[in-house]
Ligand SMILES: [Zn+2]
Ligand SMILES: [Zn+2]
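Residue numbers (this note's numbering): 14 to 149.
Structure follows, in structure tokens:
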């Protein structure tokens, strides 16, 4: 994977750069992800927290993650694009929304998580390992 990995929001005011390869790549089907991105699931990469550099104004909204930890969901204050997060428990990694990458085709999901919350119209790759809840 070519580094740095770059991405940003719909309006372009928030940009980010990732200087290390992702630790994991996941499709999360939990209800809070569904709500926050307005889609069947959130595709995200987990990257080392120290490797993520963010520029531009963004806001955070605190939600209780399905695992019971506080997840701060970061979004552009201007256009509302969901970009990245911060977990109160897993502080060494940060989730970054795969669809906000400049080249989203580099994303290679490795697992489906929280499939117990998935919608009947959510179509998943059956070749990927699936977890009813969190694998971590
Ligand atoms: Zn924006
Ligand atoms: Zn989720």
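Note that beta-carbon positions come from the ideal geometry of N, C-alpha and C, so glycine has one too.
Task: residue 61, DSSP secondary structure in three states - done: strand
Open item on the list: Is it buried or exposed, residue 108, if we count other Cβ atoms within 10 angstroms and call 16 or more buried?
Closed with: buried
Task: 8 Å Cβ shell around residue 128 - same chain, five flanking residues per side excluded - done: 42, 137, 143, 144 and 145
TODO: Could you tell me whether the region 22-32 touches the region 78-94, using the rule of 3 or more Cβ pairs below 8 Å?
DONE: With the rule of 3 Cβ pairs closer than 8 Å, the region 22-32 counts as touching the region 78-94.
Open item on the list: Once the 5 residues before and after residue 64 are set aside, which same chain residues still bring their CB inside 8 Å of it?
Closed with: 31, 32 and 33
Task: Helix, strand or coil at residue 72 [DSSP, three-state] - done: strand
TODO: Determine, using beta carbons only, whether residue 50 and residue 122 come nearer to each other than 8 Å.
DONE: no
Open item on the list: If the criterion is Cβ atoms closer than 8 Å, does the pair residue 74 and residue 110 meet it?
Closed with: no
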